[in-house]
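Please read the structure below before turning to the comments.
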Amino acid sequence: PAEPLVLGIETSCDETGIGIVRGRMLLSNTIASSMDEHARYGGVVPEVAARAHLEELQPSIEAALAEAQVGLADLDAVAVTSGPGLAGALMVGVGAAKALAVSLGKPLYAVNHLVGHIAADILDAESGPLEYPTVALLVSGGHTSLLLVRDLTTDVELLGETMDDAAGEAFDKVARLLGLPYPGGPQIDRAAASGDPAAIRFPRGLSRASDMAEHRYDFSFSGLKTAVARWIEQREAAGEEMPVADVAASFREAVVDVLVTKALDACARYDVPRLLLGGGVIANRRLRDVATERAAAAGVTVRIPDLKLCTDNGAMIAALAAELIASGRGPSTLAFGADSTLPV
Ligand code: KG4
Ligand code: ZN
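Per the UniProt record's numbering, the sequence shown starts with residue 2, numbered consecutively.
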């Protein structure tokens, strides 16, 4: 049979993503972000994100269809993120996907956002087929998760995740402490370029020997954020000039160190020579460099899909549904809802 033509809808956070794939071929990937609207609040405001999705969905679907040069009637299936994510934001996408599938009389696939991030790799034509097993590290403004993927459609195990802030959220919060605008990740990355990563030793969360039994693959960034806040306060109280570049570089180093250390520890422990990276924080220069260097030293191959496929998007959701169809999985019934804490 011909490869299925699938339209994917992603609205779990602040990106309205519509993607169209034919099997493993990417046809279009339209992303509209409400990031600018959240900037003055210093973080994503769920209500604002949900309203933006409502306004963006229709024009985004039309743009994606036009770019892919297909019509709604050509679609073989509709796919949507049903979780995890912001409940109100998810509901907008789920509602739209149900309406579309019912009106077209086409099957509907509800998929997991985190597994979707892994599926993004399939669409990167340059990286070759996704090989199993692989460890996947997903880092964004909404999640920080480490997964063991034995098979994308049947066997994805969550090894650990953040206990508090997501890594991107930590970047955003620390940027704010340093007086840098939202989103803070790119700002810190830029400021850190001229700083010394060893200037200040900030804590690596959940990395003590006593954490290894229960939280070996979990992350925590709130203690790090507090440590940075305290360091800045003391500096200010002493009336000394703020070494923004050194603080940014030292903070970035602490985040990158703990992410890469835990990911490679999982590769070693499960004897998996592959590491897949995803999520918007992968844009971070230092994270890419440290992961690549340390993985090479450990004999682990790193895969990083194109950035447009790493940040939240609809194409990865469509790609996952196409894989489910190819593996013979039937569609979802219409009885599913939005699940903000949907497990993998
Ligand atoms: O995947 P993504 O686009 O979507 C959301 O989670 O909404 O990730 C956005 C997050 C933000 O927290 C942003 O500050 C962070 O990724 N980010 C970065 C960099 N670029 C974006 N964090 C660190 N370094 C970067 N270069
Ligand atoms: Zn995401």
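Glycine included, every Cβ here is placed at the ideal spot set by N, Cα and C. Here the structure is a predicted model, which means the values were calculated and not measured.
Using a Cβ-based criterion (distance less than 8 Å to any ligand heavy atom), does residue i qualify as near ligand 1?
i: PRO187; result: yes
i: ASP165; result: no
i: PRO184; result: yes
i: ARG286; result: yes
i: CYS268; result: no
i: GLU56; result: no
i: GLU48; result: no
i: PHE252; result: no
i: VAL7; result: no
i: GLY94; result: no
i: PHE220; result: no
i: ALA168; result: yes
i: ASP173; result: yes
i: TYR38; result: As written in the sequence, residue 38 is Glu, which differs from the Tyr given in the question. Checking every heavy atom of ligand 1 against the Cβ of GLU38, none is found closer than 8 Å.
i: ASP190; result: yes
i: VAL45; result: yes
i: VAL282; result: yes
i: GLU162; result: no
i: GLU11; result: no
i: GLU241; result: no
For residue i, count the other beta carbons within 10 Å of its own beta carbon; 16 or more makes it buried, fewer makes it exposed. Which is it?
i: ALA78; result: buried
i: GLN188; result: buried
i: ALA40; result: exposed
i: PRO184; result: buried
i: VAL103; result: exposed
i: MET317; result: buried
i: ARG253; result: buried
i: GLU294; result: exposed
i: GLU63; result: exposed
i: GLY240; result: exposed
i: SER211; result: exposed
i: TYR42; result: exposed
i: GLY72; result: exposed
i: GLU170; result: buried
i: GLY129; result: exposed
i: SER35; result: buried
i: GLY117; result: buried
Under 6 Å Cβ to Cβ from residue i, same chain only, skipping five residues before and after it: list those, please.
i: ALA200; result: ASP247, SER251
i: ALA33; result: THR17, GLU57, SER61
i: PRO204; result: GLY224, LEU225, ALA228
i: PRO332; result: PRO108, LEU109, TYR110
i: LEU55; result: VAL93
i: ALA249; result: ILE189, ALA192, ALA193, GLY196
Give every residue of the same chain whose Cβ lies closer than 7 Å to the Cβ of residue i, excluding the five residues on either side of it in the sequence, and list them in chain order.
i: GLY86; result: SER13, CYS14, HIS114, GLY143, SER341
i: LEU91; result: THR12, SER13, THR82, SER83, GLY84, ALA339, SER341
i: ASP125; result: PRO306, ASP307, LEU310
i: VAL291; result: VAL257, VAL261
i: ALA69; result: ILE21, LEU28, SER29
i: ALA137; result: ILE119, LEU148, VAL150, LEU277, GLY279
i: ARG286; result: ASP190
i: ASP165; result: SER221, PHE222, SER223
i: VAL245; result: LEU179, ALA192
Excluding the 5 residues flanking residue i on each side, which residues of the same chain have their C-beta closer than 8 Å to its C-beta?
i: PRO134; result: LEU149, VAL150, ARG151, TYR271, VAL273, ARG275
i: MET243; result: LEU179, ILE233, ARG236, GLU237
i: PRO182; result: ALA40, ALA176, GLN188
- Task: Name all residues in chain order for which at least one heavy atom of ligand 2 lies closer than 7 Å to the residue's CB.
- Result: SER13, CYS14, HIS114, HIS118, LEU139, SER141, GLY143, HIS144, GLY280, ASP313
- Query: What are the uninterrupted segments assigned as beta strand (DSSP E) that are 3 or more residues long and contained completely in the region 5 to 41, given in chain order?
  - Reply: 6 to 11, 16 to 23, 26 to 34
- Item | In chain order, each beta strand (DSSP E) run of at least 3 residues that lies wholly inside the region 261 to 308 | 275 to 279, 302 to 304
- Where are the alpha helix (DSSP H) runs, 4 residues long or more, that stay fully inside the region 195 to 260, in chain order? 213 to 216, 223 to 238
- Message: Restricting to runs no shorter than 4 residues, where is the alpha helix (DSSP H) found entirely within the region 78 to 156?
- Response: 88 to 105, 114 to 124
- Where in the region 159 to 183 do unbroken runs of the alpha helix (DSSP H), each at least 4 residues long, occur, reported from the N-terminal end onward? 168 to 178
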